[in-house]
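Trainee: Each step along the sequence shown adds one to the number in the UniProt record's numbering, with nothing skipped, and position 457 is 457.
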Amino acid sequence: MLKFTDKYIYRIARMPRNNFSGQAHFDNRLDFLKKELSKTEVQEAIYLSSPEFFKEVERFLIGELTMAAGPKKWNKFQVTALKYLNRISYRPTPFGMFAGCGVGKVMDSSALEAAPTAPTFRREIKLDAAYLMLLSNGLLKIPGINAVLKFFPNNTILEVGAKSRYVEYSDTDHGRAYNLSVFSNSEYLDRVRQAAVGGATGLEIAEVLVDEDITVADALGFVSELVDAKILVSELEPHVVGNPFQDQLESVLTALLQRRELTDEVAVEVRKFYGHLQHLIELMEAASETGSIASYRAIENLVAAFQGKPYPNVIRLDAEVRNEVAPRLDFQMARKVQKGLRALIKLCRYQSSRSIVDFRNKFSARYEEQLVPVMLALDPELGVGFEKVGSEQFTFTPLVDNLPMVPRLGSNKRKKVEWNYKLHNFLLQKMISCQVEGKRVLQLTDEDLDGFHYEMSHVPPTSAAMFSVVQEEGADEPLYCFKDLGKDTGAALLSRFAHMSGEIKEVVDDLCNFEEESFAGSVVAEINHLANLRVGNITERPRSRKHEIAFITKSNSDEGGLIPITDLYVGVRNNRVVLVSKKLGKEIIPRVSTAHNYAWNCLPLYKFLASLQEEYHGGYYEYLVDLGPITGMLDFVPRIQYERFVFRRASWNILTQPIKNLKELPFADMTVKLRELFKENNWPTRFTLRDGDAPVYVDLQNDHSIYLFINMLKGYRMIIEEVIEKPTDAHWFNDGAGAHYQHEVMLPFRNETFLNRKAKPVPAIIETEDTLPRVVYPSDEWLYLKFYGGAGTIEKLVGEKFPLLIKGLADQGLITSFFFLRLTDPDYHLRVRFKPSNYAAIGEILRQVNEFFKPELEHQFIWKIQVDTYRRELERYAGPNLAAGEALFAVDSKMVMSVKNLLVSEVQKDLEWLVMLSVMNIYLEVFGLKDADARAFLKERRETFSYLFNTNKLQKRDLVQRYLNHRPQIEEALQHNRYPFEQEALLHSILAEFKDELTTVYDEGIAPLDKDLRAELLQSYVHMFILRFSRAKNKIHEHVLFFILERYYLQEAGKKRKSVPQLK
């Protein structure tokens, strides 16, 4: 159930939209540019975006920059200026002083509508994150500073035997670079790391090293080497979650000046940095009030004087929009948006990250159900890595590294296309019909949408609908035009502005608190990591969650809220990657509550944790109509609309050459021809065109807009998108005096489906024990062989060949035990583990196996025999208790092989599933499950497989009928131990012996365990039995058999109830 919150966020452009369209009143483009570029609001926005271009603006305004500069430079200036003016009037995405955001409250629909007021823009000015890092690195270069600075151990260090591996980093003019490094463990390093836990000054760390042979100076020198190698991280390293970095740096400088260890020489240098920062803060406070170019230049001049050279873009600014009367969004309007969003969701898609899917597959292949430290799993040398970052990528090979690669001419890279048959066929047919009928709008009906469904479990716990409200002239109701938006948390686009506005902070906190409630039994943790220096400008955010995962930084969380990266273990359960905290004993749900594009140029660890967000709701979800490859198939995609909700604006894919050809004409003639061309092709005269990622508004009724458009044309084709808003339409956000503002509304939603989810069991972290090692290489403990062949061949091996081989090896004293399993991964094969009597027996076992299966090998019935490493599934089988499990596997394997051998020549062999049913019943009896407990176990298993196989009424009816058809035989087998086989007596003997041996194993190794753990083990043991017994299609066998067995138990319970005398 999607429910909206009581607050919304609106984003508006700095200038009214009619400000740009007003250029139509100017015959001369230069007059328009002079008037607009003279406005203080425009100058401020341009200066903050590009001080260099603003110099050109100044030259233009005083007449220094004219056509005399040359046609290329003159044209470039005009186009750039028009883009800026377009941006400040038509694009509401917050950036500097081009646009800002504010908060409104969803009103009662009966409340009187107040007269709108003009918005005001409040400045929030801070220093650029990269410049703050430059100051921090400058402090680190002060001679002697390491003695008084506090240091912490790099929290990515992973100990592997005698070595430790960690992520090292370095800051350059191009940003932050990461590298995987190694150091040898030593007693001295252990002392240093232990002393630095919780933070210690360089002198305090050095003191733990001082002895008769090591002086304080020597020890401080060693500490400095560790700082340079980033084994120790200073307190100057920023955290992006919590107080702003600027405030953090100010606090550190203040604390430094108060430390006793501070020498006079160091104090002088620290005071320079402190005084510089304080002066900058004073100038920023002044600039926040005035917004004057002079105040901004004062900041830049001070920085240039301190650094000895200019520093570009040192000012970071966000704008908060304040209104006495916020634009109206009442309860009735919010309900409409809610309705539209529910309809839109039916046409959206969710998809799992390809990177996570690949990781899941590689991890499962190597570790199966083991939980391993996340740093180990992602290590490209020791683990499986993440994405294409493997051990080869981290191997230095100077001869071939960075060799330029050019694709062969004429080669076409094939792209995989996903076609949703039902949805894409439906949309394509509708769109073709629109083209044939000359319609620009694909109007969906309730009947259309009823054919599609959605799973609320795939919609994140919190999200936000982004839309604009269009008041069409003459329409009773506005249009709600949805915009594409896809994030894993509703806080993603809001958190960076929470420092600026207490109201936004409240919205973010509410969303984060709801997410915490949505994951019962788990912990939601914010990722605290500076991905790159300048990225800190958009990822810096206040703390809104109780827990955080911090790495390559110090953390602002207290000890209870911090989850060290070294505390995290990763595994795969039920085809889902899970993250577990060893300390907390809970599953961790990572969150990155920012709009940062973590898919590009990031540390693999950060990218992995960020990508992992999608795992908890089945994939990345976007509020975006899933058109698949349709946009590449059609030149025109009509507007997709349902009632008064626009899901997607109409778009046209247009060849640019016919338009480019018009550029040779005189401008006046070109504008006429251009309008004619658009009219002939039924293209819109008002549209947006992408300039990179930014949409630029174009109005062909405006000559100056045409000038901008014609100079933006690049490439072979262009895609334009309709602008629905007409200049004559009233606007949702206006000042009541004729000024209309381009806007976007973000209405946060909570998905309350997650509140009904049961807490998932937390996978156990099983440490390896010497008595039962996790990994068993071919040895006298176990010899693991895989026999590859078809299902028929493997069935013959199990029933006819292996009983003879096993007996021969046992009689010769070569093996003391064995067990087997059938599996596909990806090829069908038989897995056999032999327990050799001694190390010398291994060679003889292999020789006899090759000799025994020589006919099958020669004729390719067995096409491969592989010796492999046995990885014990300690997590699945309760760690040390796996010894009992291996004994059970042996008992089960012997029984299956005996039964299969017995039934080889049986006429009624197709009814061998009755034996499977009986064995499952034996497992229930031995494990002590009776009556209600047995029915509860069977119900849980049946429901699990019903979900897996999407059991509907038709399938259930078929399953019931199958049960009824075979009920007499089922009752004979389970009640009277009767089977339709000639060698029934021998089968009785095999099953009786199996039950006795199973009972012995259970009593000795399983009965003492916890009841819930015994139930979990029973699930696995029955599953493994079916894998051994079933010749093919084991999962669907498990599905049908659990359905039948539960049906039988329910039937017997019903009979008992009827047999009880009723009181009268």
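Quick reminder that beta carbons are idealized off the backbone N, C-alpha and C, glycines included.
(1) Under DSSP, the beta strand (DSSP E) around residue 104 begins and ends at which residues?
(2) Below 6 Å CB to CB, which residues in the same chain sit around residue 1057 once its five sequence neighbours on both sides are set aside?
(3) Identify which residue in 15, 66, 71 and 30 has its Cα closest to the Cα of residue 44.
(4) State the DSSP-derived secondary structure class of residue 564, mapped to helix, strand or coil.
(5) Which partner residues does residue 829 have in the DSSP bridge list?
(6) Can you say whether residue 432 is buried or exposed, counting buried as having 16 or more other CB atoms within 10 angstroms of its CB?
(7) Comparing alpha-carbon positions, which option in 538, 582, 598 and 463 lies nearest residue 622?
(8) Where in the region 266–334 do unbroken runs of the alpha helix (DSSP H), each at least 4 residues long, occur, reported from the N-terminal end onward?
(9) Can you tell me which of the three DSSP states residue 46 falls into?
(10) Quick check: what's the CA-CA separation for residue 865 versus residue 783?
(11) Let me confirm a value: residue 1065 is counted as buried when at least 16 other C-beta atoms fall within 10 Å, else exposed. Which label applies?
(12) Check whether the region 772–788 and the region 538–551 touch, using three or more Cβ-Cβ pairs below 8 Å as the test.
(13) Please tell me whether residue 102 and residue 10 are closer than 8 Å, where the distance is taken between their beta carbons.
(14) For residue 72, count neighbouring C-beta atoms within 10 Å of its own C-beta (all shown protein chains included) and say buried if the count is 16 or more, exposed if not.
(15) Is residue 100 closer than 8 Å to residue 150 when the C-beta atoms are compared?
(16) Looking only at C-alpha atoms, which of 867, 286 and 921 sits nearest to residue 833?
(17) Go through its chain and collect everything with a Cβ distance to residue 920's Cβ below 7 Å, but skip five positions before and after it.
(18) So is residue 165 buried or exposed if we call it buried at 16+ other beta carbons inside 10 Å?
(19) In the region 662–735, which residue ranges form an unbroken beta strand (DSSP E) of at least 3 residues, counting only runs that do not cross its ends?
(20) Let me know if residue 309 comes out buried or exposed under the rule of 16 or more other beta-carbons within 10 Å of its beta-carbon.
(21) Which residues in the same chain have their Cβ closer than 7 Å to the Cβ of residue 313, if we skip the five residues on either side of it in sequence?
(22) Helix, strand or coil for residue 600 per DSSP?
(23) Would you mind sorting residue 947 into buried or exposed? The rule is 16 or more other CB atoms within 10 Å of its CB.
(24) Please report the distance separating the alpha-carbon of residue 332 from that of residue 113.
(25) Going by the beta-carbon positions, is the gap between residue 193 and residue 209 smaller than 8 Å?
(26) Mind listing, in chain order, the continuous alpha helix (DSSP H) runs of no fewer than 4 residues lying wholly within the region 428–512?
(27) Taking the straight line between their C-alpha atoms, what separation do you get for residue 497 and residue 436?
(28) Would residue 656 pass as a contact of residue 697 if the rule is Cβ separation under 8 Å?
(29) Any chance you could list the alpha helix (DSSP H) runs of at least 4 consecutive residues sitting entirely within the region 178–239, in chain order?
(30) Give the straight-line distance between the Cα atoms of residue 4 and residue 460, rounded to the nearest whole angstrom.
(31) Is it a yes or a no for the region 338–345 touching the region 146–161, going by three-plus beta-carbon pairs under 8 Å?
(32) Roughly how many whole angstroms lie between the Cα atoms of residue 1066 and residue 922?
(33) I believe residue 236 touches residue 252 by the beta-carbon criterion, under 8 Å. Please report the beta-carbon distance rounded to the nearest angstrom.
(34) What residue range is occupied by the uninterrupted beta strand (DSSP E) comprising residue 172?
(35) First and last residue of the alpha helix (DSSP H) that includes residue 659?
(36) Would you grab the beta carbon distance between residue 685 and residue 699 for me? Rounded to a whole angstrom, and I think it's under 8 Å.
Mentor: The short version:
(1) 99–105
(2) none
(3) 15
(4) coil
(5) 788 and 823
(6) exposed
(7) 463
(8) 293–307
(9) helix
(10) 13 Å
(11) Beyond the ends of the chain as shown, which are 1 and 1064, falls residue 1065; an answer cannot be given.
(12) no
(13) yes
(14) exposed
(15) no
(16) 867
(17) 1022, 1041 and 1045
(18) buried
(19) 686–691, 694–699 and 717–722
(20) exposed
(21) 128
(22) coil
(23) exposed
(24) 13 Å
(25) no
(26) 446–450
(27) 47 Å
(28) no
(29) 187–196, 202–207 and 216–228
(30) 14 Å
(31) no
(32) Summary: the structure shown does not reach residue 1066, with the chain confined to residues 1 through 1064, and so no result is reported for it.
(33) 6 Å
(34) 163–172
(35) 657–660
(36) 7 Å
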